[in-house]
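Chemist: Just dropping this structure here.
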């Protein structure tokens, strides 16, 4: 455990006449707090910080100790001068003690009942009521270390406390049990401010043990926000099965891939395989296997001895492989295993690729990092293009089709975000130009496209990333280009577009298991060059244009009602803008990126607008612009 081994923190706390437990008793605390920021601490202050409050209320350091130069903020409770003088008088004038406290190790401490009652609600209740201990000369104090009890007794008399990090745990448990609220709150605050990769599990377990909700939430959030690093620690391997379930079932653990979750489970089971192997199948239900590549499943999961030696675990993996081969076999998989939605807290970024600006076609790409609120320029595609489509699969990004110098492209490139490298893969067979594509269950489905900017195509094909091959699928019912696409319930949906003559309001979907197309309810407004995003099994159609000009409405599709609803009518639409959706702990957001005004003006084509669906309306907020101006670019969230 990485603790501040030699550092000893000093906390000056002052007893209050009345103490109530805010967390557990939901009472109002009767003390006054103020925040004190200690500056100007010497560089090498070695071991101790001790803070005292003088009678005039100013903060000073104890004589004989180094002068503070820089220190974290600490909470200092104001001194009740009249009360403190009585407490110090009792100890300073050797007033005979009237109670003795005995710890489990046999250590006995002498004290005064009235002094203990001031700082501890536990002792206050004991000595002010008819509890049996009230008349006992020696009181047994169970489950409290003698060192921690000594600190609390000294605090009751001196209003001062300084302890090492190692002693904080025992002191917190003791102050929690004996209801010394001021000390407990300071311990909780200190631990919460000093969470790190190596101590967060231990602090989380401690908070759970003493039922301290603020510290529990802070430490658990730290664990889930740093899951990949925390799962490498020894403390992680010592978690209970119930704690593992609680972490893995959380949608907000930060992982780069579901392989992080699988490897964490295998490491945990391996730590005590004899006892934990029966738990493996139950933990595997929290792995979103459909987000893993078939190669990883075949090369890693199926070759894991623990998985193959346990019948229930082996069956889970075989069912996943069946799901890849025959998508209709979903009934035996639970929601997590069949889910194709990444966890909400995964460190994903927005990628904007290619496009057009000032009449020139682009090959450049940049990505937006939500944590740093900044754009970063990445390596260029091998082929400049605009009106292309981007798809993510197995941690890679694919760019398909598009236009370049008046030609409809069939070229497909794959980008590896780890190596920042592009590679050309097998070209499309028939789809090209302004097509659309989506990934479902480990496959890429490319649909439609254009021929010479005027003719629209009805072709459809399927890409196998393992074999790097395209396979022809049944044609769409309606030829289309410049259309929107999305996937829901394992089916791909094509929405609107350009027929070669006019903008479409027609929609259709393809079921891979049945290999057939069927229509579903049409849009309220025909549109092409629009964007589709998906949230909570709802499609959202943004902007676009038709024969009357730009379409300023946003429509939402409800599959249960098979109906499109107009939820916004005054969207600030630009030609060639693109959209991508993101879900996280604060809700859903749609990022509308780039584009130009109807008159061709491109001054704001690097801007990014954020829309948050709330009820039937959308709120917008502008965020940091891209590095380059772009219209008709490809966009992905990976």
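Numbering (the UniProt record's numbering), first residue to last: 1 to 638. Here a beta-carbon is modelled for each residue, glycine too, at the ideal position from N, C-alpha and C. Given the structure is predicted, the values throughout are model-derived calculations rather than measurements.
1. List the DSSP bridge partners of residue 365.
2. Return the chain-ordered list of same chain residues with a C-beta closer than 6 Å to the C-beta of residue 493, the five sequence neighbours on each side being excluded.
3. Mind pulling the beta strand (DSSP E) runs of 3 or more residues that sit fully within the region 495-521?
4. Check residue 125 in the structure and name its three-state DSSP category.
5. Mind checking who residue 268 pairs with in its DSSP beta bridge?
6. I think residue 593 touches residue 578, with their Cβ atoms under 8 Å apart; what is that distance to the nearest whole Å?
7. Suppose you measure from the CA of residue 62 to the CA of residue 155; what does that come to, to the nearest Å?
8. Going by alpha carbons, who is nearest to residue 639 out of 143, 401, 607 and 396?
9. Per DSSP, what kind of secondary structure is residue 608 in: helix, strand or coil?
10. Roughly how far, in whole angstroms, is the beta-carbon of residue 320 from the beta-carbon of residue 289, given that I think they are within contact range, below 8 Å?
11. With distance defined between alpha-carbon atoms, name the residue in 141, 170, 249 and 513 nearest to residue 184.
12. Using only CA atoms, which one of 206, 483 and 167 lies nearest to residue 388?
13. Rounded to whole angstroms, what is the Cα-Cα separation between residue 375 and residue 488?
14. Measuring straight from C-alpha to C-alpha, what distance separates residue 223 and residue 281?
15. Here's the rule I'm using: 16 or more other beta-carbon atoms within 10 Å means buried, otherwise exposed. How should residue 278 be labelled?
16. Classify residue 560: buried if its beta carbon has 16 or more other beta carbons within 10 angstroms, exposed otherwise.
17. Pull up the CB-CB distance for residue 409 and residue 431, whole angstroms please, since I reckon it's below 8 Å.
18. Look up residue 493 in the DSSP assignment and give the residues it is bridged to.
19. Following the continuous beta strand (DSSP E) through residue 463, name the residue where it begins and the one where it ends.
20. Under three-state DSSP, which class holds residue 251?
21. For residue 370 and residue 638, I'd like the C-alpha separation in whole angstroms.
22. Looking only at C-alpha atoms, which of 446, 520, 588 and 546 sits nearest to residue 535?
23. Report the CB separation of residue 270 from residue 296 in whole angstroms; it is logged as a contact under 8 Å.
24. Going by DSSP, what residues sit across from residue 575 in a beta bridge?
25. Let me see if you follow: with CB-CB separation under 9 Å, is residue 139 close to chain E or not?
26. Residue range of the alpha helix (DSSP H) that residue 229 falls in?
27. Count the C-beta pairs between the region 204-221 and the region 308-315 that are closer than 8 Å, then say yes if the count reaches three, no if not.
28. Is residue 358 closer than 9 Å to residue 380 when the C-beta atoms are compared?
29. Note the first and the last residue of the continuous beta strand (DSSP E) segment covering residue 161.
30. Apart from the five residues just before and just after residue 426, which ones in its own chain have a Cβ nearer than 8 Å to its Cβ?
31. The alpha helix (DSSP H) that contains residue 193, what's its start and end?
32. How should residue 474 be labelled, buried or exposed, when 16 other C-beta atoms within 10 angstroms of its C-beta is the threshold for buried?
33. Would you list the one or two residues that DSSP bridges to residue 480?
34. Between residue 286 and residue 235, what straight-line distance do the alpha-carbon atoms span, to the nearest angstrom?
Modeler: Quick answer:
1. Locating residue 365 in the chain shown gives position 365, where the first residue counts as 1. Residue 365 is bridged to 353 and 378.
2. To locate residue 493, count along the chain shown from 1; it is residue 493. Around residue 493: 486 and 509.
3. 503-511 and 516-520
4. Here the question's residue 125 lines up with position 125 in the chain shown. Residue 125: helix per DSSP, three-state reduction.
5. Translated into the one-based positions of the chain shown, residue 268 becomes position 268. Answer by DSSP bridge pairing: none, since residue 268 is not bridged.
6. For this step, residue 593 is matched to residue 593 along the chain shown. For this step, residue 578 is matched to residue 578 along the chain shown. With a Cβ gap of about 5 Å, residue 593 and residue 578 count as contacting.
7. On the chain shown, position 62 is the one that residue 62 refers to. On the chain shown, position 155 is the one that residue 155 refers to. With a pLDDT of only 27 at residue 62, under 50, the local geometry of the prediction cannot be trusted, and the value read off the model is given with reservation. Looking at the two C-alpha atoms, the distance is approximately 16 Å.
8. For residue 639 there is no data in the structure shown, the boundaries of the chain being 1 and 638.
9. Mapped onto the chain shown, residue 608 falls at position 608. Residue 608 carries a strand assignment under DSSP once its states are collapsed to helix, strand and coil.
10. As a working note, residue 320 is residue 320 in the chain shown. As a working note, residue 289 is residue 289 in the chain shown. With 8 Å as the limit, residue 320 and residue 289 qualify as a contact, their Cβ atoms being about 4 Å apart.
11. Within the chain shown, numbered from 1, the residue matching residue 184 stands at position 184. Answer by Cα proximity: 170.
12. Within the chain shown, numbered from 1, the residue matching residue 388 stands at position 388. When only C-alpha atoms are compared, the closest one is 483.
13. Position 375 of the chain shown holds residue 375. Position 488 of the chain shown holds residue 488. In a straight line, the C-alpha of residue 375 is about 30 Å away from that of residue 488.
14. The residue you call residue 223 lines up with position 223 of the chain shown. The residue you call residue 281 lines up with position 281 of the chain shown. So the two alpha carbons sit approximately 23 Å from each other.
15. Translated into the one-based positions of the chain shown, residue 278 becomes position 278. It counts as exposed.
16. One-based indexing of the chain shown puts residue 560 at position 560. Exposed: under 16 other Cβ atoms inside 10 Å.
17. Sequence index remark: in the chain shown, residue 409 carries index 409 (1-based). Sequence index remark: in the chain shown, residue 431 carries index 431 (1-based). Residue 409 to residue 431, Cβ: 10 Å. No contact.
18. Working through the chain shown from its first residue, we reach residue 493 at position 493. Looking at the DSSP assignment, residue 493 forms a beta bridge with 486 and 509.
19. Residue 463 sits at position 463 when you count from the first residue of the chain shown. It spans 460-464 - the beta strand (DSSP E) in which residue 463 sits, taken as one unbroken run.
20. For the purposes of this step, residue 251 is taken as the residue at position 251 of the chain shown. Coil.
21. Counted from its first residue, the chain shown places residue 370 at position 370. Counted from its first residue, the chain shown places residue 638 at position 638. So the two alpha carbons sit approximately 12 Å from each other.
22. Against the chain shown, residue 535 aligns to sequence position 535. Out of 446, 520, 588 and 546, 588 has the C-alpha closest to the C-alpha of residue 535.
23. Taking the chain shown and counting its residues from 1, the one referred to as residue 270 is at position 270. Taking the chain shown and counting its residues from 1, the one referred to as residue 296 is at position 296. The Cβ separation is near 19 Å, so there is no contact.
24. Looking up residue 575 in the chain shown gives position 575. Its beta-bridge partners are 596.
25. In summary, chain E is missing from the structure at hand, where a single protein chain is found.
26. Position 229 of the chain shown, counting from 1, holds the residue named residue 229. Its alpha helix (DSSP H) spans residues 227-230.
27. no
28. Within the chain shown, residue 380 is the residue found at index 380, counting from 1. Within the chain shown, residue 358 is the residue found at index 358, counting from 1. In this structure, residue 358 does not lie closer than 9 Å to residue 380 by Cβ.
29. One-based indexing of the chain shown puts residue 161 at position 161. 160-164 is the extent of the beta strand (DSSP E) around residue 161.
30. Along the chain shown, read from residue 1 onward, the residue named residue 426 stands at position 426. The answer, listed in chain order, is 412, 463, 468, 469 and 470.
31. Along the chain shown, read from residue 1 onward, the residue named residue 193 stands at position 193. Residues 181-193.
32. Within the chain shown, numbered from 1, the residue matching residue 474 stands at position 474. So residue 474 counts as exposed.
33. For this step, residue 480 is matched to residue 480 along the chain shown. Bridge partners of residue 480: 457.
34. Taking the first residue of the chain shown as 1, we reach residue 286 at position 286. Taking the first residue of the chain shown as 1, we reach residue 235 at position 235. The straight-line gap from Cα to Cα measures roughly 21 Å.
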